[in-house]
Amino acid sequence: MLIHRLSTNVRTAPTTTAHLAQTMSLLELTSAELQQRVESELANNPALELLEENHCPTCNRLLRGRGPCPVCCNPRSATADNPLVYCTHREEFFTPRGSHAGEEEVSAEDYTAETTTLAEFVLRQVAAELPRNEQLVAAHILNSLDEDGLLQTPLVEIARYQRVSLSVARKVLSLIQHAEPLGVGSPSSQEAMLVQLEVLAESQAVPPFASEAVAQGMDLLSHHKYGELARLLGVSLKDSKEIARFVAQNLNPFPARAHWGDSAAHNNSHRSGEGVYYTPDVIISKLMNADKTTGSQEPALMVEIAMPYAGTLRVNPMFRKALQEAPENKREDWMKDKEQALLLIKCIQQRNNTLVRMMRLLTILQRNFILHGDEHLAPLTRAAIAEMLELHESTISRAVNDKAVQLPNGHIAPLAKFFDRSLHIRSALKLIVEKETRPLSDSAISKLLEKEGFVVARRTVAKYRMMEGILPAHLRRATAI
DNA sequence: CTATGGCACGGATT
DNA sequence: AATCCGTGCCATAG
């Protein structure tokens, strides 16, 4: 079927080994990183120029105005089992060239682009406001964080080691806690959530007594003992539940655990607000209209792959001309520049081509997941995709890793989620727990899952439960309605 | 005694 | 070759 057409698609074969190497390295870049790459190349290589005139990044056709290519992006061409996949430029996701807005605010791209560790990411935010010796304290704190972003080491110990007073250490810590992700470095989940509440309160309405609830009634809260909580705070049961809902939805007890895709309300605008660490590289949306044949039945999907620049990259014709009459001593360098520019252009095209092919296949295979949610994710390996596309598995890995995709429901998720082997089981598990009338033990859950066709060991249920942040049975409480 | 979490091993995946 | 993941075994808490 369609798969055949995919694999026999146009494939610009790599010509040189240099080409191959660069294609690979471009493929693993997120669109934000590609933007940096292209900008630096534009700045350093006189042969390369960015033409305002717009060619479609997918099919290379010359476009008249702005906006996506009318051919590649023709909604009519899409059907339920043939998604529309193309590359396009989306202003809102990229910072305009040249304007580096403020030094102190480290933008979301930097997190993915340059640093890999949480410690570095946070340190950058706070370093500017601290004198040298206090930077060391900050670094020490940040390096002592556990994987949830909480500080297990007593602060006194760090203060003593760094030979600063406890109050100074406290000051530094406070600064860290107020950096993104909010609450990092707190000694406990509880305190992290308090910080988050405090900051949240500045921009939006927070239910009264929420902080008291976190501060004093945390265990009541986590055990769903709303009645007792209400009594403790002196509020109505309804308010108590409202607080619980708010806390569950807006606060994150583990600051380091990036909350991909939950609470979709506030996605855009990378300025603080809430921790949105990633801008999507791929956007998938539903095409409701233009489906007269199948009626309202099955919406077609549209997949946009974000291109970081508008316009067309090409070798500057002036440069070409100049090269003809280049002085002897410069000629070789200029030739090199030209080659490199051509190479970059070609590689970007190939990158696009690969991404388009891969995304088309992925949206076909994971259609149900995209439209209907986690429990419909089909188990899939990168290797399988590689085989279908006749690419090396490492190519798929590179294309997938570190990229983010926005789903039709507005959630932003890592592209790697498409390859999660256990997500559907985990969400089945979540459903079971939600529906349970009485806390079920892990082995009981294991048996229930088996009835649904998922054979998982009891031990594994425990792990999934942890991943989903579900408490063990004896700490759970029947969710009364 | 039952339920759960820690450690570590082996096979699959990348 | 390195990493991730499911699982079994054992210690510990309730």
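Numbering (our numbering), first residue to last: 11 to 491. Glycine included, C-beta positions come from ideal geometry on N, C-alpha and C. From a predicted model like this one, the values you see are computed outputs, not experimental measurements.
For E314 versus T89, is the C-beta spacing smaller than 8 Å? With a cutoff of 8 Å on beta-carbon distance, E314 and T89 are scored as not near each other.
Where T322 falls: helix, strand or coil (DSSP): Strand, per DSSP.
Which residues in the same chain have their Cβ closer than 7 Å to the Cβ of G237, if we skip the five residues on either side of it in sequence? L247
Can you tell which of A393, E385, P67 and P424 has its C-alpha closest to the C-alpha of I435? E385
Check the DSSP bridge columns for C97 and list the partner residues they point to. According to DSSP, which records beta bridges pairwise, C97 is partnered with I315.
Element boundaries [alpha helix (DSSP H), containing P239]: Note that residue 239 is Leu in the sequence shown, not Pro. Counting along the chain, the alpha helix (DSSP H) containing L239 begins and ends at Y236 to L243.
Once the 5 residues before and after L439 are set aside, which same chain residues still bring their CB inside 6 Å of it? Y474
Quick one, which of L243, P141 and V209 has its alpha-carbon nearest V182's? P141
Sequence-distant residues of its chain with Cβ nearer than 6 Å to R486 (five each side left out): P449
When DSSP labels each residue in this structure, what does A123 get in the three-state scheme? Unreliable placement is indicated for A123, whose pLDDT of 37 sits below 50; no coordinate value is reported for it.
Name, in chain order, the residues that DSSP records as bridge partners for H484. None; H484 has no bridge partner.
With 16 as the cutoff for other CB atoms within 10 Å, does K348 come out buried or exposed? Buried.
Assumed close pair M203, P263 - CB separation to whole angstroms, cut-off 8 Å: Between P263 and M203 the Cβ distance is about 6 Å, and since that is below 8 Å, they are a contact.
Whole-Å CB distance - I380 paired with T391, under 8 Å assumed: Between T391 and I380 the Cβ distance is about 18 Å, and since that is not below 8 Å, they are no contact.
DSSP state of T40, grouped into three classes? coil
Kindly provide the ranges of any beta strand (DSSP E) runs that are 3 or more residues long and lie completely inside the stretch 382-423, ordered along the chain. 414-416
For V224, which residues of its own chain have a beta-carbon under 8 Å away from its beta-carbon, when the five flanking residues on both sides are left out? Q200, M203, L204, L207, L231, V257 and L261
Could you have a look at T364 and say whether DSSP puts it in helix, strand or coil? helix
Would you kindly check if the distance between the Cβ of L133 and the Cβ of A149 is under 8 Å? yes
Would you check if there are 3 or more beta carbon pairs closer than 8 Å linking the stretch 335-347 to the stretch 40-58? Yes: the two stretches touch, three or more of their Cβ pairs being nearer than 8 Å.
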